[in-house]
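Quick note, the numbering used here runs 92 ahead of the 1-based positions in the sequence shown. Think of the CB as a built atom: it goes at the ideal place given N, C-alpha and C, for glycine as much as any other residue. Worksheet: the structure to be examined is printed underneath.
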Amino acid sequence: MPNKSGSRDIVAHAELRALPQDNMLMATSIAMPMAMPSLVPKYTLSDLDRFPNDGNRYELLDGFLLVTPAPKSPHQILQSMLVRELTFYFGRRPSVYVLTPGAVEVAPGTHLEPDVLVIPKTGKPPESWLAVRDWWLAIEISGRGSRVYDRDFKGPAYVRAGVSTYWRVDLRDRCVYVSTRAQPGEVRHEAQLHWSPPDLTTEPFELDIPALFEGIEGDE
């Protein structure tokens, strides 16, 4: 990826189509910073405006750049269904935002954009993502191009940042993996998923996972 000075940066890229195994690229991405630290740049939140508006998703994790390709229709359909279900569940409750996408920012160098983010409304709307410090639910829809990053890097990073609950909706496995601050490891759900938002005394949100995936084909 050429930078403004004309030199070529080495960045971690989540596009896995050219590789037979997801883990191969991830191992390379991790090995490069240790083997050639001078060739792998680190970025801060102030660098985000430098990245092109080309349809890819540019994120930062502890200063390292993650680039994922624009999602295909199965991903977008699941995303819209999840937003619809969550919005219906919260109804007209003015104290909750269901955002798509949202962002979880931690200075100086973490900016992650979950496909769906649920946060409570605390006073006036935040002026920046960095001002948000209470995240109820972050959801990533994992396909072939993002599975390794969503599972091995972004999920643990969300939990470390303080996100209460993380869902990884897997297109290939047709299930939802759940991580929480109390139980950081992934727990697989294939039928019904119940989620109780923090600080709300209401019936849990219920997700019918087979119905969610009905008619969905593909892994992107």
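Which of helix, strand or coil does DSSP assign to residue i?
| i | result |
| --- | --- |
| F182 | helix |
| A162 | coil |
| Y258 | strand |
| A195 | coil |
| A230 | strand |
| F156 | strand |
| Y250 | helix |
| V175 | helix |
| Y135 | coil |
| L140 | helix |
Any idea if residue i is buried or exposed, counting beta-carbon neighbours within 10 angstroms, 16 or more meaning buried?
| i | result |
| --- | --- |
| N95 | Note that N95 scores 44 on pLDDT, short of 50, meaning its location in the model is unreliable; the coordinates nonetheless yield the value given after this. Looking at its Cβ environment, which holds fewer than 16 other Cβ atoms inside 10 Å, N95 is exposed. |
| V279 | exposed |
| T214 | exposed |
| A127 | For A127, the pLDDT reaches just 42, beneath the cut-off of 50, and the residue's location in the model is therefore unreliable, leaving the point undetermined. |
| P289 | buried |
| H286 | exposed |
| T160 | buried |
| F180 | exposed |
| T293 | exposed |
| R176 | exposed |
| P186 | exposed |
Would you kindly report the start and end of the unbroken alpha helix (DSSP H) that includes residue i?
| i | result |
| --- | --- |
| L304 | I301 to F305 |
Quick one: what's residue i bridged to in DSSP?
| i | result |
| --- | --- |
| I211 | Y189 |
| W287 | F297 |
| Y269 | R260 and R280 |
| T202 | V198 |
| Y150 | V159 |
What is the residue span of the beta strand (DSSP E) that residue i lies within?
| i | result |
| --- | --- |
| R280 | V279 to H281 |
Can you determine whether any heavy atom of the ligand SAM sits closer than 6 Å to the C-beta of residue i, and answer yes or no?
| i | result |
| --- | --- |
| T257 | The ligand SAM is not part of the structure shown, which contains no ligands of any sort. |
Hey, residue i and residue j are a contact pair by Cβ (cut 8 Å); roughly how many whole angstroms apart?
| i | j | result |
| --- | --- | --- |
| A195 | W221 | 4 Å |
| S313 | V251 | Any property of residue 313 remains undetermined from this structure, which presents the chain solely from 93 to 312. |
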